[in-house]
C-alpha cells in the first residue's frame with residue numbers, strides 16, 4: 003500500500019492538501035479538494051479491524067440530509083486498498099474548545115444540545131445512529147450547530163458501542179454533552195477507549211456522590227432549571243436506565259423551548275468566563291508603609307463585608323492593619339490612594355474609624371446623622387462598612403459573609419411620566435385605527451381576481467399579470483420543520499414513439515445525497531429543447547411543509563437558464579439564474595411550502611448538443 007502526502011490525488015478525484023486534526027485512533031484526516039465538483043472536502047482514511055464497519059455505516063449516513071449534520075459525500079476503496087470516507091469540511095469550534103474558554107450558561111447549553119438532538123432525530127428517522135457522541139463531535143459554527151462523525155465515528159468504535167442499544171446511547175450522549183457544557187465534567191461513555199487517539203485531550207470525569215452515582219447538576223450549577231436537573235438524574239442515576247431518556251425525541255422534549263439558534267452567533271459572547279478571584283493591593287503602595295492589603299470589592303461598591311468575618315486587634319483595628327499614627331482618618335479615593343481628612347469636632351458621638359469599626363465617643367469617629375450637615379463625610383464607602391446599611395438605623399449586622407446595600411440614588415429627570423405619556427398616545431392611535439378598520443366598507447369579491455401567474459423567461463422573472471394593482475404578499479407561515487425531499491416528478495414531459503423523453507426514471511438521482519450520480523435530460527440540438535417545447539420542470543415534494551431560505555444545485559453542465567418556483571408549474575418565481583457547477587439561490591425571506599420546482603427554460607450546452615446533468619439538489 004503506497005503512502006499519501008500533500009498533493010496526492012485519491013481515486014483521480016480528491017487532491018489532498020494538508021492533514022487535519024482527528025481524535026480517532028484508526029483514522030487519518032486530510033483537508034482536500036474535489037477536482038470534479040471544485041469544492042473543499044474532508045477525506046478520512048480509515049484502518050484497523052473496524053474499517054469495514056466504518057464504510058458501511060458511512061454509506062448509510064450519506065442518505066441523511068440535515069444542515070446540522072456534516073454530510074457524508076463518498077465512501078469506498080481505491081486501487082491501492084486504501085479505505086476512505088469523504089465528508090463536508092469540519093468548520094466551527096468544537097465544544098471542547100468552547101468549554102476550555104469558560105463554562106456555557108444554561109440557555110446556551112439548551113440551544114447547543116437541543117439543536118444536536120433535533121439533528122439526530124432526522125438521522126434516527128432514516129435508521130442511522132451516531133453512537134459515539136462526545137465534545138469533539140459537536141461544533142458551533144457562527145449561529146449554527148454542526149454534528150460531525152455520523153456513521154464514521156460509530157463504525158470505528160463499533161467494538162465498544164454498536165453492541166448496545168444505539169438509540170438510547172445517543173440519548174444518553176446528548177445529556178452528557180449538556181452536563182459537560184455547564185460543568186466541564188464528562189459523565190458519558192469512557193473516552194479512554196481504544197478507538198480514541200492516545201494524544202487526545204480527555205475531559206475530566208464527572209464527580210460522583212457517596213453512592214457512586216453522577217453528582218446532580220444542581221450541586222455544581224446554582225439555580226439550574228429543575229427539569230434539566232431531573233433529566234440528568236434520570237439519564238445517569240436511574241436503576242438500569244429504564245427511567246432515563248430512551249431516544250433523542252425525549253431529550254428534545256425535555257429541553258424545549260431553547261430559543262433561537264442565534265444565541266450562539268458569536269464567540270466568546272455566549273461563553274461565561276470563570277469569575278475572577280479577589281485581588282489584593284499592597285498598603286505599601288498606597289501609604290508607602292507596610293501592612294496587610296485590604297480586599298478589593300466589586301466596582302459597583304454594593305457588596306459589604308460583615309464585621310464578623312474580620313478579626314480585630316487593639317484599638318478596634320482589624321488584625322494585620324497598622325494602628326493609627328496621627329489625628330486623621332483616611333477616606334479612600336480612586337486607584338486605591340487615600341487622602342487625610344480632619345477629624346470631627348471634639349465630643350462627637352460614637353462613629354466609625356477609618357476601617358469601618360465602631361469607636362467610642364471622643365475617639366476618631368463621628369455620628370453620620372448629626373454631622374452630615376456640618377461638612378463631615380456623609381458615610382464611609384461600602385468597602386469599609388462592617389455590615390449592611392439601613393437608611394433609618396444606619397449600618398446593621400447580618401448573618402455573616404457578604405451583605406448587599408441599596409445602590410445610591412441618582413439625580414436627573416424621571417422618565418416614567420414621559421414613557422407613560424407615549425404609551426397613552428400609542429394606545430389612542432391604535433384604537434382610532436381599529437375603529438376605522440371596522441367601519442371601512444368591505445370591497446366586492448371578484449371571481450378569479452388573482453389568476454395563476456404564468457412563468458416567464460424574462461430577466462426579471464416576473465409574470466405579465468404582475469402589476470401595480472397586485473396585493474402585497476402575506477407574511478410566510480412559521481414552521482420548525484426541516485426541508486426533506488420525499489419525492490420528485492417531471493413537469494412538461496413529452497412522449498416520443500411510445501416513450502417519455504427526458505428520462506423521468508433518473509429523477510431520484512437528483513436528491514439521493516450522492517453527488518456521483520445525476521439526473522440527465524434528453525440531448526437536444528437546440529437550447530430551447532429542440533423546438534419541441536419551451537420548458538421542463540422538476541417538482542420537489544417535501545415530506546411536510548417546511549421553511550426554505552436557500553436552494554443549492556450541483557451540476558456537471560454549467561450554462562442555460564433556470565428558475566426556482568414555489569409549488570408546482572405556474573408557481574411564484576422565487577429566484578432565477580444560470581446553472582453552474584455549484585449554483586446557490588439565497589431567498590430574500592423564508593418561504594414555507596410543501597413543494598418547490600426547478601423550472602428549466604434553457605438547456606446548458608455540452609459537446610454533443612444541449613443537455614442538463616443535475617447531480618444534487620439541497621434545500622435548507
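In the numbering used here, the protein residues as written are 3 to 622.
Positions of the beta carbon are idealized from the N, C-alpha and C atoms, including for glycine.
Query                                                                                                      : Result
Range of the contiguous alpha helix (DSSP H) that encloses residue 63                                      : 53-63
Three-way DSSP call (helix, strand, coil) for residue 531 in this model                                    : helix
Inter-stretch contact (C-beta, 8 Å, three-pair minimum) for the segment 227-237 and the segment 246-263    : yes
Beta bridge counterpart(s) of residue 185 as assigned by DSSP                                              : Per DSSP, none; premise fails for residue 185.
Where residue 91 falls, given that 16 or more other Cβ within 10 Å makes a residue buried                  : exposed
Run of the alpha helix (DSSP H) containing residue 231, from where it starts to where it stops             : 228-239
Residue 425 to residue 147 span [Cα, whole Å]                                                              : 40 Å
Proximity of residue 548 and residue 483 at Cβ, strictly below 9 Å                                         : yes
DSSP-derived helix/strand/coil call for residue 371                                                        : With a pLDDT of 41 at residue 371, under the threshold of 50, the modelled position of that residue is not reliable, and no figure is offered here.
8 Å contact criterion, which residue 623 and residue 622 should meet: CB distance rounded                  : This structure leaves residue 623 out entirely; the chain is present only between 3 and 622.
CA-to-CA distance, residue 559 to residue 528, given in whole angstroms                                    : 15 Å
Nearest candidate by alpha-carbon position, reference residue 247, set 208, 173 and 214                    : 173
Residues near residue 63 in its chain [Cβ-Cβ closer than 6 Å; skip 5 each side]                            : 74, 130, 152 and 153
Separation of residue 194 from residue 134, as counted between CA atoms                                    : 13 Å
Simplified DSSP assignment, three categories, for residue 5                                                : coil
Exposed unless 16 or more other CB atoms sit within 10 angstroms - verdict on residue 157                  : buried
For residue 452, three-class secondary structure by DSSP                                                   : Because the pLDDT of residue 452 is 36, which lies under 50, any placement of that residue in the model is unreliable, and the question is left without a value.
Among 119, 21 and 49, the one whose alpha carbon lies nearest that of residue 260                          : 119
Bridge partners - residue 118, DSSP secondary structure assignment                                         : Looking at the DSSP assignment, residue 118 forms no beta bridge with any residue, so it has no partner.
Proximal residues to residue 80 (C-beta, below 8 Å), its chain only, five neighbours per side dropped      : 12, 13 and 86
For residue 543, three-class secondary structure by DSSP                                                   : strand
Host alpha helix (DSSP H) of residue 100 (start-end)                                                       : 97-103
Helix, strand or coil at residue 176 [DSSP, three-state]                                                   : helix
Nearest-angstrom Cβ-Cβ length linking residue 576 and residue 593, presumed shorter than 8 Å               : 6 Å
Exposure label - residue 76; buried when at least 16 CB within 10 Å                                        : buried
Expected contact under 8 Å - CB spacing of residue 557 and residue 617 to nearest Å                        : 6 Å
Given residue 143 as reference, the closest of 573, 94 and 116 once Cα atoms are compared                  : 94
Collapsed DSSP secondary structure at residue 435 in the structure displayed                               : helix
Straight-line Cα distance separating residue 517 from residue 583                                          : 11 Å
Proximal residues to residue 175 (C-beta, below 6 Å), its chain only, five neighbours per side dropped     : 135 and 190
Buried or exposed (CB count within 10 angstroms, at least 16 for buried), residue 565                      : buried
Exposed unless 16 or more other CB atoms sit within 10 angstroms - verdict on residue 604                  : buried
Enclosing alpha helix (DSSP H) for residue 149 [first to last residue]                                     : Counting along the chain, residue 149 falls outside any alpha helix (DSSP H), though it belongs to the beta strand (DSSP E) covering 146-149.
Cβ contact (3+ pairs, closer than 8 Å) linking the segment 26-33 and the segment 192-211                   : yes
Every unbroken beta strand (DSSP E) within the segment 6-46, with a cutoff of 3 residues, ordered by chain : 16-22 and 29-36
According to DSSP, residues forming a beta bridge with residue 487                                         : 544
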